[in-house]
Each structure stands twice: as C-alpha cells, then as structure tokens.
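Heads up, the thing below is written out as structure tokens.
Residue numbers (my numbering): 528 to 773.
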C-alpha cells in the first residue's frame, strides 16, 4: 500500500519534531536549556500536535535528565506528558508478541516505564499503568535477532529508576546482546546499535560481565552520530550509564 502526500508530509513533520525534541532533551542532559523543557518545546512549536507526538515517541527518555543527573521534572512538563498521552493514546495490547503486534507491546512497556519514572522522581500522586506481560520475546533469546529487536524498542527502560522484569530479563542474556550489537554495527544500523549499547551500558553498570566494551563502542558509534539527534541522545544516555559525561 502506498502512502499519500498528506500522510508523507505528516510523517516528515513528526520525524522533524522528534529530532528537535531529542536535541532539547540532550541539552538538558548536558545542563543547558529551560527548567521546563517539554513545556517550552510544545509552547513554542510551530505544530503543537507534532510536538506532542514527539513526546510520545521519545517516551520515558524525556525524563532522562532527571533519571540520570538528579532533580525532579517541572509540573508543567508532567502536564505535557499527560496531554501527549491523551492526544495519542496507546493502542490496545491484546497479547505480547508473537501473538500480538510487537509495537503495541513496546508502547505499553514504554508507557509503564514513564509512569514508573514519574513516581520515582517524586510525584506521589502518579498513577502507575498496569505492568504489561513480559512475553517469550524477552525471556527466550534463542532467536536472538528477534529478541534483540524487542530490546531495542525498549531502550528507554535502561534508565535508572525504571527497574522491573525487562532489565532483569536482558541482563540474563549478555551473549545474545553482544551478538545483536555487533550485527547492527556490521549492518551499519547505528540507531539500533546505539539502543542496544544502552542495554550493554546498563548491564555493565549492574556488574554483568560482557564480551564487548561499551566505552569503545560508544565512541565508535559517535563517529556516525553527526546530524542524528536521537542517536546522539542514545549515546549520551549510554555514557552517563557508564559513569561518564554526556
């Protein structure tokens, strides 16, 4: 099925907004920007709906500056997250993959991670969404390319404060994780490699013995991050997980 010009234009607008928001979050990770970066981003956006879509796409990563460097999100930013969820509600999760769509399952987990972080960062009134099922896709790494595809979609769950069964499941499979990261690098799929690198960095932080060196991988992928704000954001998160500067 081909997409019409209107749909292509909307997709390009949302992609551009997501890149702009990733740059905004990256600035916050580095100690720059507004005290309420999400609110400022949406209030000054030329397309407010696209700005809210970007908040949904990044998910829990919009809270990365607080999860990794301390502090609490501004109430105006929390209001933006709630508004984005209302405008772009999560699709219904019928079952974890392979029975159900992998993207619906990943969105459910990313929303759960966002709620967990909001509560962990000091909002006592935060309502935690129901925990989605883990599913065979995470517990069985025999088909490691498929397993890694699920891990890459759940990269925001590497943030400190999320916890739960997903990081625990990934930690149990360091060899498939290393294989998948190497495969992504060989395929020059740097966005996927960076998301898997976050899991490697989180695993090393938790004391897991790895076959790869996340520090070296971070700098290798960084050579290909120019002009890619989301890739740069993933690398900054990985560096902070490794105890380095963003």
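For every residue, glycine included, the Cβ atom is placed at its ideal position computed from N, Cα and C.
Keep in mind it's a predicted model, so treat the numbers as computed, not measured.
DSSP three-state call for residue i: helix, strand or coil?
i, result
"residue 772", "coil"
"residue 630", "helix"
"residue 684", "helix"
"residue 663", "helix"
"residue 690", "coil"
"residue 742", "helix"
"residue 733", "coil"
"residue 747", "helix"
"residue 642", "helix"
"residue 615", "coil"
"residue 669", "coil"
"residue 698", "helix"
Here's the rule I'm using: 16 or more other beta-carbon atoms within 10 Å means buried, otherwise exposed. How should residue i be labelled?
i, result
"residue 662", "buried"
"residue 618", "exposed"
"residue 528", "Confidence at residue 528 is low in this model, with a pLDDT of 44, below 50, so the placement of that residue should be treated as unreliable; the coordinate-derived value is given next. Flag for residue 528 reads exposed."
"residue 583", "buried"
"residue 725", "buried"
"residue 591", "buried"
"residue 654", "exposed"
"residue 713", "exposed"
"residue 539", "exposed"
Can you give the Cα-Cα distance for residue i and residue j, rounded to whole angstroms?
i, j, result
"residue 750", "residue 760", "14 Å"
"residue 589", "residue 581", "10 Å"
"residue 634", "residue 577", "18 Å"
"residue 767", "residue 554", "14 Å"
"residue 709", "residue 648", "34 Å"
"residue 668", "residue 706", "11 Å"
"residue 631", "residue 547", "24 Å"
"residue 738", "residue 678", "18 Å"
"residue 744", "residue 562", "32 Å"
"residue 810", "residue 550", "No statement about residue 810 is possible, as the shown extent of the chain runs from 528 to 773 and does not include it."
"residue 748", "residue 769", "15 Å"
"residue 604", "residue 722", "25 Å"
"residue 556", "residue 692", "26 Å"
"residue 566", "residue 601", "9 Å"
"residue 665", "residue 626", "14 Å"
"residue 731", "residue 741", "8 Å"
Report the CB separation of residue i from residue j in whole angstroms; it is logged as a contact under 8 Å.
i, j, result
"residue 638", "residue 656", "5 Å"
"residue 773", "residue 763", "4 Å"
"residue 585", "residue 614", "Their Cβ separation, rounded to whole angstroms, is 15 Å, which puts residue 585 and residue 614 out of contact at 8 Å."
"residue 771", "residue 735", "Contact flag wrong, Cβ pair sits at about 18 Å."
"residue 757", "residue 718", "7 Å"
"residue 727", "residue 689", "That pair is no contact at about 16 Å."
"residue 729", "residue 720", "At roughly 15 Å, the Cβ-Cβ gap does not stay under 8 Å, so residue 729 and residue 720 are not in contact."
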